[in-house]
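See structure below.
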Amino acid sequence: MTTDADADNLLIDRVKRGDMRAFEMLVVKYQRRIERLIGRMVRDTDLVQDIAQETFIRAYRALPQFRGESAFYTWLYRIAVNTAKKQLVDLKRDPLVSEGSLANSDDGDETSRVENELTDGETPEALLASKEIAAAVNAAIEALSEDLRQAITLREIEGLSYEEIADVMNCPIGTVRSRIFRAREAIATRLRPLLDTREGERW
Amino acid sequence: MNTRPESAHDREADERNALISALADGDAAALDRGCELWRSDADARATWHAYHLIGDVMRSDDLAVRPARDQDFLASLRTRLADEPVLLAPAPVAPAATPRRRQRWLLPAAAAAGFVAVAGVTVVARMSADGAGGTLVATERPAAGPIRAVATQAEPRTRSLVYEGRFIRDAQLDAYLEAHRQAYGGRAATVPGGMPAYAEAVAPASAVQVAR
């Protein structure tokens, strides 16, 4: 199959035909990365979420102008950075905002891991949950058969298309599709106990 | 490997998840059904989330976010998106890799009932969230730029529809619209209650052109 950009374009095309809910699929796909990006510029996690939400709203509104010449994520990234910068400028003008909620926007380098972990709003329990998720994913991948592990690694880490993976693994595309799916399901099975919420249907 | 016999329920879940997996990798054949599942099936939504979380975590441990946070984010965003106009800008995003096929439209009931598509006119349809009523406003617009929203008196929980671009008239589409216009008695497109919120219209690909 195709790369991320092509996968995204399928959904974007759908959104442009009036299926607003298809946009949510893109949100779920990119929200974590966008929040991480904004978190490098802004320290307050509530503010990070606000800016991320604003980013996606702006992207939605600007979607008619998105023609698919660049990758959606590249375009979204720029919107996120611009939105964050604008918010920072607005906040700096506001005498009521504390210095602590603003990261030093002159910092080109990513702040240290320790600093990131100690941002507002991240409780030790939340950090622990995150570590458990990472550990479960890694353990599940270790436990996969070689074929499944290779397939999902080529897809997710190397970013190869199904055709390219079929080439590398010397198997039909249908087999690639099936292996990637079974790998994902095996990992998701380990993850689901960690992902279940108390209140049932949340998604 | 799973050695116990699968129930029909398991098989269905597997089929659904396989489709979600394929759509996550850009399989065009999985698009329609996958998006349908997104709308209708909470498990499918959870699966989409899980598969993408897995990819993120494989690439970077610090993207291992608790799903409750992600869910809250989406719930919040949905509320905000509900206030946004539905987009209709049907020009394909990328050159079609597949051969031309019939374009399927989702048209709101109000629009299907009686708008006149004329080059140079932007049509905005307002419909209430439950599809029970709506009005149409047509305005001239300048050559450049779409109109985002048209100011009418505020209705609670209405959703406006904005057409991007201009439509070139097509005989088949005109005939279709004319039939609907007659059925609903003229230009004032107040939709009788009982119309579904969306009417599906199949229009030939040539019917929709975004003129520049």
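Just so you know, the protein sequences line up as chains A and B, in that order.
Under the numbering used here, residues 11 to 213 are what the first sequence spells out, in order.
Under the numbering used here, residues 260 to 471 are what the second sequence spells out, in order.
Glycine is no exception: its CB is placed at the ideal position from the N, C-alpha and C atoms.
Since we're looking at a predicted model, the values are computed, not measured.
Of the residues the options, the one placed nearest residue i, counting alpha carbons only
i              : options                               : result
leucine 282/B  : Gly28/A, Gln41/A, Arg24/A             : Arg24/A
arginine 339/B : Asp157/A, Ala90/A, Arg31/A            : Arg31/A
glutamate 45/A : Ala90/A, Arg159/A, Pro182/A           : Ala90/A
alanine 348/B  : Lys102/A, Arg71/A, Leu101/A, Glu166/A : Arg71/A
leucine 290/B  : Glu152/A, Tyr87/A, Leu20/A, Asp14/A   : Leu20/A
lysine 26/A    : Arg202/A, Gly78/A, Glu174/A, Val38/A  : Gly78/A
tyrosine 83/A  : Thr133/A, Pro134/A, Glu135/A, Thr13/A : Thr13/A
Euclidean distance between Cα positions of residue i and residue j
i                   : j                   : result
alanine 81/A        : glutamate 168/A     : 17 Å
aspartate 342/B     : glutamate 64/A      : 13 Å
isoleucine 48/A     : alanine 267/B       : 44 Å
alanine 388/B       : alanine 150/A       : In this prediction, alanine 388/B has a pLDDT of 42, which is less than 50 and means its spatial position is unreliable; nothing more can be read from the coordinates.
histidine 311/B     : phenylalanine 332/B : 15 Å
glutamine 412/B     : phenylalanine 66/A  : With a pLDDT of only 37 at glutamine 412/B, under the threshold of 50, the placement of this residue in the model should not be trusted; the figure read from the coordinates follows. Using only the alpha carbons, I get a separation of about 27 Å.
valine 124/A        : leucine 138/A       : Bear in mind that a pLDDT of 41 at valine 124/A, under 50, signals an unreliable position, so the number given afterwards is only what the model happens to contain. Near 14 Å, if we compare the C-alpha coordinates of leucine 138/A and valine 124/A.
serine 280/B        : arginine 318/B      : 18 Å
alanine 193/A       : arginine 88/A       : 33 Å
glutamate 265/B     : aspartate 54/A      : 47 Å
arginine 275/B      : glycine 293/B       : 8 Å
tyrosine 172/A      : arginine 103/A      : 50 Å
alanine 62/A        : alanine 305/B       : 21 Å
tryptophan 85/A     : arginine 200/A      : 34 Å
arginine 189/A      : alanine 161/A       : 6 Å
aspartate 273/B     : aspartate 29/A      : 25 Å
glutamine 362/B     : alanine 153/A       : Note that glutamine 362/B scores 43 on pLDDT, short of 50, meaning its location in the model is unreliable; the coordinates nonetheless yield the value given after this. Using only the alpha carbons, I get a separation of about 45 Å.
isoleucine 174/A    : aspartate 100/A     : Per the sequence shown, the amino acid found at residue 174/A is glutamate instead of isoleucine. For glutamate 174/A and aspartate 100/A, the distance between alpha carbons rounds to 47 Å.
phenylalanine 191/A : alanine 277/B       : 6 Å
alanine 301/B       : phenylalanine 76/A  : 29 Å
arginine 212/A      : serine 155/A        : 32 Å
Check whether residue i and residue j have beta carbons under 8 Å apart
i                : j             : result
leucine 164/A    : valine 178/A  : yes
proline 74/A     : leucine 322/B : no
aspartate 16/A   : glycine 285/B : yes
methionine 35/A  : leucine 98/A  : no
valine 324/B     : alanine 144/A : no
tryptophan 297/B : alanine 303/B : yes
glutamate 142/A  : leucine 205/A : no
isoleucine 313/B : alanine 69/A  : no
aspartate 329/B  : arginine 42/A : yes
alanine 176/A    : valine 186/A  : yes
tryptophan 307/B : valine 37/A   : no
Subject >> Residues within the region 53-66 of chain A neighbouring chain B, beta-carbon criterion of under 8 Å >> reply: Gln59, Ala62, Gln63, Phe66
**OP:** Pair every Cβ in the region 92-104 of chain A with every Cβ in the region 56-71 of chain A, then say whether three or more of these pairs are closer than 8 Å.
**Re:** yes
Subject >> Contact list for the region 311-329 of chain B against chain A, Cβ threshold 9 Å >> reply: His311, Leu312, Ile313, Gly314, Asp315, Val316, Met317, Arg318, Ser319, Asp320, Asp321, Leu322, Ala323, Val324, Arg325, Pro326, Ala327, Arg328, Asp329
Original post:
Of all the residues that make up the region 287-304 of chain B, which are near chain A by a beta-carbon distance shorter than 7 Å?
Top reply: Ala287, Leu290, Cys294, Trp297, Arg298, Ala301, Arg304
Original post:
What are the residues of the region 28-47 of chain A that lie near chain B, defined by any Cβ-Cβ distance shorter than 9 Å?
Top reply: Gly28, Asp29, Met30, Arg31, Ala32, Phe33, Glu34, Met35, Val37, Val38, Lys39, Tyr40, Gln41, Arg42, Arg43, Glu45, Arg46
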